[in-house]
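Asker: To convert, count from 1 in the sequence shown and add 1; that's the working numbering.
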Amino acid sequence: MRLTRNFGKDLALTCGLELVEGDAVVPIDADLQDPPELIPALVARWREGDVALVDAVRRSREGEGWFKRLSAHLFYRVMGRLAQVPVRADLGDFRLLDRRAVEAFKRLPERTRFVKGLFAWIGMPRAEVAYDRAPRAAGRTSWSYWRLWNFALDGLLSHSSVPLRVWTYGGAAIALAALAFALYRIVRTLVWGVDVPGYASIMVAILFIGGVQILSIGVLGEYIGRIYEEVKRRPLYLVDETAGGEAPPASGDGPAPGGPHAPQTSTRR
């Protein structure tokens, strides 16, 4: 399957899951860090019949620097505390999903997609198979730290409203602190008289409150931006052609077959 452009890893994975057939599917990265030879173990565990997903959990992460490992650890710690459904650490997209899990995933309509969080959100019985992740076989990753930061931000804001609540509680705390300080100044003035105005303290207070307001508006803007992306209702992806020169799925504005999205496509062969 080839898309008309690079829509990103999560949307490409969404495309594959929406169009795939069969009783089970195993997404895997093309850089060979996730071993294809583990797939039979995933299938064997699934065939025991009591699970809908088999997660391939990383036992080690060879080839990754200390900063990336630390930032990944902190991200999943934060996600575990703030997200509605915790996302398992040391778990990527490499896993087995049976038809029930795939159909449940296809029902999720959001445009900003953090696929690891969506896999966690659908729930269902699951098992784990541990493995050692090898270094990248060839080439260099295109995921810069800035892209990883934005990816983490999308994941957090897509699965948690806690940042909005933090600024609600923070604003209430600042308002109470300002009220307490005002009462203190009134009592101090009544008891000891009027002292020299403290312009420095006033400027510090103004700059502090202004900074908090700008930061809270920025958090609110992140959520509003995601709402804007949702209401535009653009297709998540556009399919250019499929393997073997077959015609891509039919274009249209309605839901794609088996899924809620509309992959409008060309008819190039």
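We put the CB at the ideal spot given by N, CA and C, even for glycine.
Should the stretch 163-179 be regarded as contacting the stretch 208-223, the criterion being three or more beta carbon pairs within less than 8 Å?
Answerer: The stretch 163-179, when compared against the stretch 208-223, does touch it at the 8 Å Cβ threshold.
Asker: Are Leu154 and Lys69 closer than 9 Å when you measure CB to CB?
Answerer: Contact: no.
Asker: Using the Cα positions of Ala13 and Arg114, report the straight-line distance between them to the nearest angstrom.
Answerer: So the two alpha carbons sit approximately 11 Å from each other.
Asker: Which value, in whole angstroms, describes the spacing of the CA atoms of Val176 and Phe182?
Answerer: With the sequence shown as reference, residue 176 is identified as Ala, and Val is not the correct amino acid for it. Using only the alpha carbons, I get a separation of about 10 Å.
Asker: Once you ignore the five residues that flank Gly260 on each side, which residues in its own chain have a CB closer than 6 Å to its CB?
Answerer: Low local confidence applies: a pLDDT of 45 at Gly260 is under 50, so the model's placement there is unreliable, with the coordinate-based value given in what follows. For Gly260, where only same-chain residues beyond five positions count, the Cβ hits under 6 Å are Glu19 and Lys107.
Asker: Using the Cβ count rule (16 or more neighbours within 10 Å means buried), how would you classify Met125?
Answerer: Under this definition Met125 is an exposed residue.
Asker: Does the contact criterion of 3 or more C-beta pairs under 8 Å hold for the stretch 98-112 versus the stretch 229-245?
Answerer: These segments touch.
Asker: Would you mind reading off the limits of the alpha helix (DSSP H) that contains Asp11?
Answerer: Element bounds for Asp11: Lys10 to Leu20.
Asker: Compare the C-alpha of Asp56 against each of Gly81, Ala102, Phe76 and Tyr77 and name the closest.
Answerer: Here the closest residue by C-alpha is Ala102.
Asker: Would you report the Cα separation of Gly81 and Gly226, rounded to the nearest angstrom?
Answerer: Approximately 24 Å between the Cα atoms of the pair.
Asker: Measuring only the C-alpha atoms, how far is Gln34 from Ala135?
Answerer: Going by the C-alpha atoms only, they are around 5 Å apart.
Asker: If Ala25 and Val44 are in contact, beta carbons under 8 Å, what's the gap, nearest whole angstrom?
Answerer: Contact holds; Cβ gap of about 7 Å.
Asker: Using CA atoms only, rank isn't needed, just tell me which of Thr243, Ser159 and Ala206 is closest to Val86.
Answerer: Here the closest residue by C-alpha is Ser159.
Asker: Would you decide whether Val167 is buried or exposed? Buried here means 16 or more other CB atoms lie within 10 Å of its CB.
Answerer: Exposed, because fewer than 16 other Cβ atoms sit within 10 Å of the Cβ of Val167.
Asker: Where does the unbroken alpha helix (DSSP H) through Phe115 begin, and where does it stop?
Answerer: Premise fails: Phe115 is in no alpha helix (DSSP H) and is neither H nor E.
Asker: Restricting to Cα atoms, I'd like to know which of Ile40, Phe95, Gly17 and Thr5 is closest to Glu104.
Answerer: If we check each option's Cα against that of Glu104, Gly17 comes out closest.
Asker: Among Thr15, Gly222, Val21 and Asn7, which has the Cα closest to the Cα of Ala244?
Answerer: Answer by Cα proximity: Val21.
Asker: Given this structure, state the Cα-to-Cα distance separating Tyr164 from Val220, to the nearest angstrom.
Answerer: According to the sequence provided, residue 164 is Pro. The question's Tyr does not apply to it. Cα to Cα, the separation comes out at about 7 Å.
Asker: If you reduce the DSSP assignment to three classes, tell me which class Ser61 lands in.
Answerer: Correct three-state label for Ser61: strand.
Asker: With DSSP run on the structure shown, which of helix, strand or coil describes Ala25?
Answerer: Strand.
Asker: Within the same chain, show all residues whose beta-carbon is closer than 6 Å to that of Phe8, passing over the 5 residues directly before and after it, in chain order.
Answerer: Closer than 6 Å at the Cβ level, and outside the excluded window around Phe8, lie Tyr238.
Asker: Just verifying my parser: in three-state terms, what is the DSSP assignment at Leu71?
Answerer: Leu71 falls in the helix class under three-state DSSP.
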